[in-house]
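Residue numbers (numbering that gives the first Met the number 0), protein chains in the order written: chain A, 0 to 232; chain B, 0 to 223. Where a beta carbon is used, it is the ideal one built from N, C-alpha and C, also for glycine. One structure below.
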Amino acid sequence: MSNSLKQALDLSLFWEYRAILLQGLVVNALVFLCAALLALSAGLGAALLRVNRFFPTRLIGTLHVELFRNAPDYIMLVWVHFVLPLLIGIMIKRRVEFHPFVSAVIALGLVYSGYFAETFRAGIEAIPRGNLDAARGFGMSERLILWRIMLPQVVRRMLPEALNQFVSLFKATTIVSLIAVPDLMYAVSMVTQQEMRPLPLYTGAALTYFLIILIFATGVRAFSERWRRKILE
Amino acid sequence: MGNWERLVWNQRDALIAGFTVTVEVCVIAFLAAIVGGLVLCLVRLYVAPLRPIAIVLIEFFRDTPIFVQLMWVSYVWPELFGFPSSFFSAGWIALGLQSSGYLAETFRTGIEGVPRGQREAAFSAGMSPAQTFSRIVMPQVVLATAPSIVNQFTVIVKSSTLVSVITVPDLMSQSQRLVNIWYEPIEILTTTAAIYILFVFLVSTAGKLLSDYLRRRYGLAAYF
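Here you go:
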């Protein structure tokens, strides 16, 4: 027990491989950034569909949200990586394969677009109706209304919640190693197979992610607190 | 449709067996998370000397990705603490740990939401602290937090797909086994995804109905 505890806390092995592990962490960050961009844009699209007056559009938006918000990340990852290329291949009658990185970004981006869509929708619905009527009365185009009237207010109101979702998205990027995207967890499992010492390696990985997310999440919490007070004034 | 019959319908026993394991893991993890979350929350609020430990544990469980925790529990814990002895228990322990961190914070907000005056009134009516807690505070906490407790179950179900990685024979791992037999993933993986989405949808809809009911019946705002 004390021996293994010493081993677990002796992170020198983890430090020895820092170059490979750091590269893995960079891959995590890249997946996170690309997926976040996709999630934001698809989420905004779905939210706009949901607040549309036209019923079929609303239905599509609702389906998008319910589908992706209720889907586990991992099954989506596997589905996008193994099924989606085949379906596209059948449609265009050519063999298609996704690079694991691409699958990871698409899957995580789609899943989190469901969450972002709800955030955006709540923000859009909180905008006083008079604002939009006034903008239309001035003769602003719908696109201009979106950029100048709606989005600034949505962003202001929804920033804290959106930041929390970014934290969850970053946590979710750890599973991309399962389709062989070379992220930190992938590097850890490779090194573990070589060294046969999972104790320090997995403990090191857990601590690394914990520290990054703790700093990130604590920052978000402090920021949201101040932001809310500022907005309420 | 022949493919669907051959790959999905004829394999329904395996899928049902997998789904049963998924439900088992999730329910055990959920119960463990409620107990663990309550203990962490009470220690954090009322046991001053252990408060820092409780805070560190809660933060660690909440801020470590579930996949990392799962690997950590299943490969590090056996050497470190001598248990869990099976991957099944490693699975529910990891899922339970993550949710106990979240639930501890939910319970804390619930307990802090009960007005102080009620506790003082109970005290002057001659109730002991234990009585006050079980008869005045807890019923309100349970009502107010019920929707987010149900929501936590959906989080567990979603995360439970990962226990297939440590060879627990859940729905995810059964469907991947079937895919590896025929290398025809379209039907099986789509069905599996649909089952998970439907299951999570049903649980979260039940949660929404529950919170509406509680709000109407007891006039309590679900404040999370």
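Given residue i, which residues of its chain have a CB within under 6 Å of its CB, disregarding the five upstream and five downstream residues?
i                      : result
residue 173 of chain A : 184
residue 221 of chain B : Confidence is the limiting factor: at residue 221 of chain B the pLDDT is only 45, short of 50, which leaves the residue's position unreliable and the question unanswerable from this model.
residue 223 of chain B : Its pLDDT being 39, under 50, residue 223 of chain B is placed unreliably in this model, and the value from its coordinates should be taken loosely. So the qualifying residues of the chain are 147.
residue 187 of chain A : 200, 204
residue 42 of chain B  : 49, 53
residue 118 of chain A : 157, 160, 161
residue 164 of chain A : 114
residue 223 of chain A : 159
Does the beta carbon of residue i sit closer than 8 Å to a beta carbon anywhere in chain B?
i                      : result
residue 202 of chain A : yes
residue 61 of chain A  : no
residue 92 of chain A  : no
residue 170 of chain A : yes
residue 198 of chain A : yes
residue 157 of chain A : no
residue 224 of chain A : no
residue 149 of chain A : no
residue 184 of chain A : yes
Under 8 Å Cβ to Cβ from residue i, same chain only, skipping five residues before and after it: list those, please.
i                      : result
residue 78 of chain A  : 106
residue 175 of chain B : 163
residue 230 of chain A : 155, 156
residue 61 of chain B  : 97, 100, 101, 104
residue 139 of chain A : 147, 148
residue 135 of chain A : 144
Given that residue i touches chain A, what residues does it touch there, using C-beta distances under 7 Å?
i                      : result
residue 62 of chain B  : 209, 212, 213, 216
residue 58 of chain B  : 213
residue 203 of chain B : 69
residue 71 of chain B  : 201, 202, 205
residue 75 of chain B  : 7, 197, 198, 201, 202
Taking only beta-carbon positions, decide if residue i is within less than 8 Å of chain A.
i                      : result
residue 222 of chain B : The predicted model places residue 222 of chain B with a pLDDT of 45, which falls under 50 and marks its position as unreliable; any figure quoted below should be read in that light. Chain A, which has no Cβ nearer than 8 Å to the Cβ of residue 222 of chain B, makes this no.
residue 207 of chain B : no
residue 147 of chain B : no
residue 92 of chain B  : no
residue 177 of chain B : no
residue 78 of chain B  : yes
residue 68 of chain B  : yes
residue 3 of chain B   : no
residue 230 of chain B : Lying before the first or after the last residue shown, residue 230 of chain B is absent from chain B, which here runs from 0 to 223.
residue 195 of chain B : yes
residue 142 of chain B : no
residue 101 of chain B : no
residue 24 of chain B  : no
residue 137 of chain B : no
residue 161 of chain B : yes
residue 171 of chain B : yes
Using C-beta distances below 7 Å, list every residue in its chain close to residue i, excluding the 5 sequence neighbours before and after it, in chain order.
i                      : result
residue 74 of chain A  : none
residue 284 of chain B : The structure shown does not extend to residue 284 of chain B, since chain B is modelled only from 0 through 223, so no value can be given for it.
residue 56 of chain A  : 48
residue 84 of chain B  : none
Taking C-beta pairs closer than 8 Å, name the residues in chain A that residue i reaches, listed in chain order.
i                      : result
residue 192 of chain B : 70, 74, 75, 78
Report the residue from the options whose alpha carbon sits nearest the alpha carbon of residue i.
i                      : options                    : result
residue 157 of chain B : B/206, B/57, B/179, B/25   : B/25
residue 113 of chain B : B/99, B/83, B/144          : B/144
residue 14 of chain A  : A/80, A/190, A/135         : A/190
residue 39 of chain B  : B/66, B/74, B/97, B/69     : B/97
residue 37 of chain A  : A/144, A/26, A/103         : A/103
residue 28 of chain B  : B/186, B/77, B/111, B/92   : B/92
residue 240 of chain A : B/54, B/171, B/215         : Nothing about residue 240 of chain A can be reported from this structure: the residues present for chain A run from 0 to 232 only.
residue 149 of chain A : A/12, A/125, A/229, A/45   : A/125
residue 142 of chain B : B/16, B/35, B/196, B/216   : B/216
residue 132 of chain A : A/182, A/84, A/116, A/145  : A/145
residue 94 of chain B  : B/3, B/10, B/160, B/18     : B/160
residue 72 of chain A  : A/46, A/167, A/33          : A/167
residue 66 of chain A  : A/219, A/113, A/52, A/26   : A/113
residue 3 of chain B   : B/189, B/70, B/59          : B/189
residue 120 of chain A : A/136, A/152, A/137        : A/152
residue 12 of chain B  : B/128, B/125, B/130, B/169 : B/169
Since residue i meets chain B, which of its residues come closer than 7 Å, beta carbon to beta carbon?
i                      : result
residue 65 of chain A  : 200
residue 82 of chain A  : 184, 185, 188, 189
residue 173 of chain A : 64, 66, 67
residue 177 of chain A : 164
Taking 7 Å as the line, does the beta carbon of residue i fall inside it for any heavy atom of the ligand FAD?
i                     : result
residue 68 of chain A : Of the ligands one can find in the structure shown there are none, so the ligand FAD has no counterpart to examine.
Mind pulling the chain B residues with CB within less than 8 Å of residue i?
i                     : result
residue 85 of chain A : 184, 185
field: 4-residue-minimum alpha helix (DSSP H) runs that sit fully inside the stretch 146-211 of chain A, ordered along the chain
entry: Fully enclosed alpha helix (DSSP H) runs of 4 or longer: 150-171, 183-194.
message: Which runs of the alpha helix (DSSP H) at least 4 residues long sit entirely within the stretch 74-161 of chain A? Give them in chain order.
response: The qualifying runs are 83-91, 99-124, 128-136.
message: At 4 residues or longer, what runs of the alpha helix (DSSP H) sit wholly inside the stretch 92-159 of chain B?
response: Counting only runs of 4+ residues, the alpha helix (DSSP H) found wholly inside the stretch 92-159 of chain B occupies 115-123, 137-159, in chain order.
message: Just to confirm the assignment: which complete beta strand (DSSP E) runs, minimum length 3, are found wholly within the stretch 166-219 of chain B?
response: Within the stretch 166-219 of chain B, there are no complete beta strand (DSSP E) runs of at least 3 residues.
Continuous beta strand (DSSP E) assignments of at least 3 residues falling wholly in the stretch 31-92 of chain B: Whole beta strand (DSSP E) segments, 3+ residues: zero.
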